[in-house]
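S.K.:
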Amino acid sequence: MIRKRRDNLIEFLQENSIALFYSGLGKQRTGDQNYPFSVNRNFFYLTNIDQENVVLLVAKGSNNNSNSYLFIEKRSELRMLWDGPTLTFRQAADLSEIPLENIKEVESLDQFVNQLLSVSRAALFGKINNLYLDLTRENINAFDTLEQLEAKRFKNVFPGVNILGSQHFLAHLRMRKDELEVNETKEAIKITNTALNHVMKTLRPNMKEYEIEAEYNYILNKHNTVPSFATIAASGSNACVLHYVANNDNINDNELILFDLGVQYNNYCSDISRTYPANGKFTERQKEVYEIVLNVNKKTIEWLKPGKTIKEFNEYGKMLLTEGAKKLGLIKDDHEISKYYYHSLGHYLGLDVHDVGLYDQKIPVGAIITVEPGLYIAEEAIGIRIEDDILITEDGNINLSKEIIKEVVDIESFMK
Numbered sequence: 005m006i007r008k009r010r011d012n013l014i015e016f017l018q019e020n021s022i023a024l025f026y027s028g029l030g031k032q033r034t035g036d037q038n039y040p041f042s043v044n045r046n047f048f049y050l051t052n053i054d055q056e057n058v059v060l061l062v063a064k065g066s067n068n069n070s071n072s073y074l075f076i077e078k079r080s081e082l083r084m085l086w087d088g089p090t091l092t093f094r095q096a097a098d099l100s101e102i103p104l105e106n107i108k109e110v111e112s113l114d115q116f117v118n119q120l121l122s123v124s125r126a127a128l129f130g131k132i133n134n135l136y137l138d139l140t141r142e143n144i145n146a147f148d149t150l151e152q153l154e155a156k157r158f159k160n161v162f163p164g165v166n167i168l169g170s171q172h173f174l175a176h177l178r179m180r181k182d183e184l185e186v187n188e189t190k191e192a193i194k195i196t197n198t199a200l201n202h203v204m205k206t207l208r209p210n211m212k213e214y215e216i217e218a219e220y221n222y223i224l225n226k227h228n229t230v231p232s233f234a235t236i237a238a239s240g241s242n243a244c245v246l247h248y249v250a251n252n253d254n255i256n257d258n259e260l261i262l263f264d265l266g267v268q269y270n271n272y273c274s275d276i277s278r279t280y281p282a283n284g285k286f287t288e289r290q291k292e293v294y295e296i297v298l299n300v301n302k303k304t305i306e307w308l309k310p311g312k313t314i315k316e317f318n319e320y321g322k323m324l325l326t327e328g329a330k331k332l333g334l335i336k337d338d339h340e341i342s343k344y345y346y347h348s349l350g351h352y353l354g355l356d357v358h359d360v361g362l363y364d365q366k367i368p369v370g371a372i373i374t375v376e377p378g379l380y381i382a383e384e385a386i387g388i389r390i391e392d393d394i395l396i397t398e399d400g401n402i403n404l405s406k407e408i409i410k411e412v413v414d415i416e417s418f419m420k
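Numbered per our numbering, the sequence shown spans residues 5 to 420.
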């Protein structure tokens, strides 16, 4: 299955090209301490390897002949005593589905690339005219990435070679999840469900938000997983701040608490939002608002199918929320909804929480989309969001998170 992903990538590459993908390097936190390593997601998608200082090279020749090579770090005995072993060549071959004879030491990468880009190796794949690199840049003001630095270096050494970006190809491929990816996502959601059930049983008034976050993390630790993003545990009016992550306030009686959280399982993410009453019982007003949001959640899930666009999806959800806000007496005119709803209805989900995808194209079969309507009434200290993870199928969709309870009666019964 991993090889199939690379085969799909090769279809996008021009003839006489090579493509390089870097797993990444550890990033300094402070002094001699690094942040926990986080693998480049495009590299992981193409190799199934989660280890720093590994490089994938994909070559496509003039007659559509192609091959893949993996360059991995081989640590010294002393380094292994300090930091542990890296993957063996055999392990790397098994994980990546790359032939053992094509696994090489990372120190030989430069020489190998130089030979491919020079006439001396032209007989192997034909003269290489194009070098593809993952030139993703989330922030134009950020420092150059490793790939961008490499692009400059190769351009100086081989001025006749075209430097091209591969990130758009990967966005196209990663939109459509294969069976392995769906199963990994299901496992992440299953653990999220277990953790949220524990949260509901543990939640009570006068806890601190960070205490209930700790209960969530406890279950994740027991499953040897980590959050897929910074957990939001926002009580009262804090829930009206979309990315509230301080989680240091008191959870008061009769307040709601909004959880937006997820699990990262083998690098695949869940992204779930649920809103619970701190004391286990919704007030009448809280229930009234909650039912409006829940209705939008259900209707947009029912509406979602292949061939729709993200723009249409957002417009439909916003229309339903606008109708709901009018019923609640919050607004009279449509434009006023921006006071109570100020985010999009969902996004692609996968190796990244806000996953790559071509948002101007129709939603394809195999995509996983979040559906997360919300209403935020700051003057009433009510913020409600209900989010599910939806797999798009040929004839509609499957709610992968349907086991995570969200009906008022079910929540109140479970929290007794």
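Just so it is clear, CB atoms sit at the ideal spot from N, CA and C, and this is done for glycine as well.
Determine contact between the stretch 101-115 and the stretch 70-78, defined as no fewer than three beta-carbon pairs at a distance below 8 Å.
M.R.: yes
S.K.: How would you write the range of the beta strand (DSSP E) that residue 236 sits in, first residue to last?
M.R.: Counted from its first residue, the sequence shown places residue 236 at position 232. Looking at the DSSP string, the run of the beta strand (DSSP E) that includes residue 236 is 236-239.
S.K.: Distance, Cα to Cα, residue 33 vs residue 40?
M.R.: Residue mapping note: residue 33 aligns to position 29 of the sequence shown, counting from 1. Residue mapping note: residue 40 aligns to position 36 of the sequence shown, counting from 1. Residue 33 and residue 40: Cα-Cα distance of roughly 9 Å.
S.K.: So, under 8 Å CB-CB, residue 385 and residue 241 are touching, yes? Tell me the CB distance rounded to an integer number of Å.
M.R.: For the purposes of this step, residue 385 is taken as the residue at position 381 of the sequence shown. For the purposes of this step, residue 241 is taken as the residue at position 237 of the sequence shown. Going by Cβ atoms, the distance from residue 385 to residue 241 rounds to 4 Å, so yes, they are a contact pair.
S.K.: Give the single residue among 95, 171, 135 whose Cα lies nearest to the Cα of residue 157.
M.R.: Here residue 157 refers to the residue found at position 153 of the sequence shown. When each option's Cα is compared against that of residue 157, the closest is 135.
S.K.: Quick one: what does DSSP say residue 257 is sitting in, helix, strand or coil?
M.R.: Here residue 257 refers to the residue found at position 253 when the sequence shown is read from its first residue. Three-state result, residue 257: coil.
S.K.: Using only CA atoms, which one of 370, 274, 379 lies nearest to residue 311?
M.R.: The count along the sequence shown starts at 1 and reaches residue 311 at position 307. Cα-wise, what sits closest to residue 311 is 370.
S.K.: Give the secondary structure of residue 124 by DSSP, where H, G and I count as helix, E and B as strand, and everything else as coil.
M.R.: Against the sequence shown, residue 124 aligns to sequence position 120. Reliability of the predicted coordinates at residue 124 is poor, the pLDDT of 45 falling under 50, and no value is obtained from them.
S.K.: With 16 other CB atoms within 10 Å as the buried threshold, where does residue 346 fall?
M.R.: Residue 346 sits at position 342 when you count from the first residue of the sequence shown. Burial call: exposed.
S.K.: For chain B, check one thing: does any of its Cβ atoms lie closer than 7 Å to the Cβ of residue 58?
M.R.: This model lacks chain B altogether; it includes just one protein chain.
S.K.: Can you check the stretch 139-206 for any alpha helix (DSSP H) of at least 4 residues that lies completely inside it and give the ranges in chain order?
M.R.: 150-161, 171-178, 183-206
S.K.: Would you mind sorting residue 153 into buried or exposed? The rule is 16 or more other CB atoms within 10 Å of its CB.
M.R.: As a position in the sequence shown, residue 153 is number 149, starting the count at 1. It counts as exposed.
S.K.: Between the alpha carbons of residue 395 and residue 93, how many angstroms are there, rounded?
M.R.: Looking up residue 395 in the sequence shown gives position 391. Looking up residue 93 in the sequence shown gives position 89. Spanning the two alpha carbons is a distance of roughly 35 Å.
S.K.: Within 10 angstroms of its Cβ, does residue 138 collect 16 or more other Cβ (buried), or is it exposed?
M.R.: Walking along the sequence shown from the start, residue 138 turns up at place 134. So residue 138 counts as buried.
S.K.: What does the Cβ neighbour count give for residue 68, buried or exposed, with the cut at 16 atoms within 10 Å?
M.R.: As a first step, residue 68 must be located in the sequence shown, where it is residue number 64. Classification of residue 68: exposed, given that the 10 Å Cβ count is below 16.
S.K.: Within the stretch 22-77, note down every full alpha helix (DSSP H) run reaching 4 residues or more, in order along the chain.
M.R.: With a minimum length of 4 residues, the continuous alpha helix (DSSP H) runs that stay inside the stretch 22-77 are 45-51.
S.K.: Measuring CA to CA, which of 55, 181, 149, 116 is closest to residue 6?
M.R.: For the purposes of this step, residue 6 is taken as the residue at position 2 of the sequence shown. Among 55, 181, 149, 116, the Cα nearest to that of residue 6 is on 181.
S.K.: Could you round the C-beta distance between residue 199 and residue 214 to whole angstroms and report it? I think they count as a contact, below 8 Å.
M.R.: Counted from its first residue, the sequence shown places residue 199 at position 195. Counted from its first residue, the sequence shown places residue 214 at position 210. Contact between residue 199 and residue 214 is ruled out by a C-beta separation of about 15 Å, above the 8 Å threshold.
S.K.: To the nearest angstrom, how far is the alpha carbon of residue 392 from that of residue 247?
M.R.: Counting from one through the sequence shown, the residue named residue 392 turns up at place 388. Counting from one through the sequence shown, the residue named residue 247 turns up at place 243. Roughly 18 Å between the two C-alpha positions.
S.K.: Under 7 Å Cβ to Cβ from residue 188, same chain only, skipping five residues before and after it: list those, please.
M.R.: The residue given as residue 188 occupies position 184 in the sequence shown. Counting only Cβ-Cβ distances below 7 Å, and skipping sequence neighbours, we find 269, 270, 272.
S.K.: Identify, in the order they occur along the chain, each residue of the same chain with its Cβ nearer than 7 Å to the Cβ of residue 406, setting aside the five sequence neighbours on each side.
M.R.: Locating residue 406 in the sequence shown gives position 402, where the first residue counts as 1. Contacts found: none.
S.K.: At a cut of 8 Å, does the stretch 312-325 reach the stretch 402-416 through at least three beta carbon pairs?
M.R.: no
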